[in-house]
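Inspection log for the structure reproduced underneath, given as structure tokens.
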Amino acid sequence: MCVIACLQRLLGSLFLLVGTSLATENSFITTAEYGKELYNNPRNISCAKCHGALGTEQVITGYTQDNQKHLIKAPPINNLEFEAFKKALTNGKSIMPRYNLTPDEIKAIYYYLASTREKP
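Just so you know, the sequence shown maps onto residues -23 to -1, 1 to 97 in mature numbering (1 follows the signal peptide of the UniProt record, and there is no 0).
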């Protein structure tokens, strides 16, 4: 189990390293910085609004039915593998809408989230 978690962290770090190298030499902003801007306000719909500043599980809202409280939560997205992350953004999932982001925008958001992960 630890091996899988360690491999996921290693892959995330590799994506982060590759992502920051994708920024051109003349760019005034890194890929992770661009991803942070998109994450906080992609076309006026903020990922952070539901997933929080660091992509962790967040309570979106709650309701009461038959005297029982129910919470609607946004799952953590800061530890997803890239393909699962990309699929959720491009296809939508459950109550999450689909977003029309370019492949570079999706990678930038992923690199930002990878940069916020706790280092082992």
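Every residue gets a Cβ at the ideal spot worked out from N, C-alpha and C, and that includes glycine.
Small disclaimer: the values here were computed from a predicted structure and weren't measured.
Check, Outcome
"Three or more C-beta pairs below 8 Å linking the stretch 25 to 32 and the stretch 40 to 55", "yes"
"Three-state secondary structure (DSSP) of A51", "strand"
"Counterpart residues of G39 in DSSP-defined beta bridges", "L48"
"Cutoff 7 Å; reference K46; Cβ partners in own chain excluding five residues on either side", "G39"
"Counterpart residues of K70 in DSSP-defined beta bridges", "M73"
"Option nearest C24 by Cα separation, candidates D81, L66, D43", "L66"
"L15, enclosing alpha helix (DSSP H) - first and last residue", "8 to 17"
"Close-in-space but distant-in-sequence residues of the same chain around E82 (CB under 6 Å, 5 per side omitted)", "L15"
"C-alpha gap between S71 and N17, whole angstroms", "21 Å"
"Separation of F59 from residue 138, as counted between CA atoms", "Coverage of the chain is limited to positions -23 through 97, which leaves residue 138 absent and any answer about it impossible."
"Contacting residues, own chain, Cβ-Cβ under 7 Å from K13 (five flanking each side not counted)", "Y89"
"For A30, three-class secondary structure by DSSP", "coil"
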